[in-house]
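In the working numbering, the protein residues as written are 52 to 96.
Heads up, the beta-carbon is just placed ideally off N, CA and C, and yes, glycines get one too.
To start, the structure itself, in structure tokens.
Set out below in structure tokens:
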């Protein structure tokens with residue numbers, strides 16, 4: 052087994068978020084990268 056992808060989710064105080072997933076092919080070579088940005092709303096109290 053080896054790492055085939057790494058994922059990070061960053062959420063700023065203003066609610067802006069970014070999700071990045073880096074995929075790796077055999078031998079650990081960087082392959083496809085997916086990046087998505089979105090806004091997180093505060094939950095109602």
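Less than 7 angstroms between the C-beta atoms of residue i and residue j, yes or no?
i	j	result
residue 89	residue 68	yes
Tell me, please, which residues DSSP counts as bridged to residue i.
i	result
residue 57	73
residue 68	62 and 89
Report the CB separation of residue i from residue j in whole angstroms; it is logged as a contact under 8 angstroms.
i	j	result
residue 93	residue 81	Residue 93 to residue 81, Cβ: 36 angstroms. No contact.
Identify, in the order they occur along the chain, each residue of the same chain with its Cβ nearer than 6 angstroms to the Cβ of residue i, setting aside the five sequence neighbours on each side.
i	result
residue 70	60 and 87
residue 76	82
residue 91	62, 66 and 68
residue 85	72
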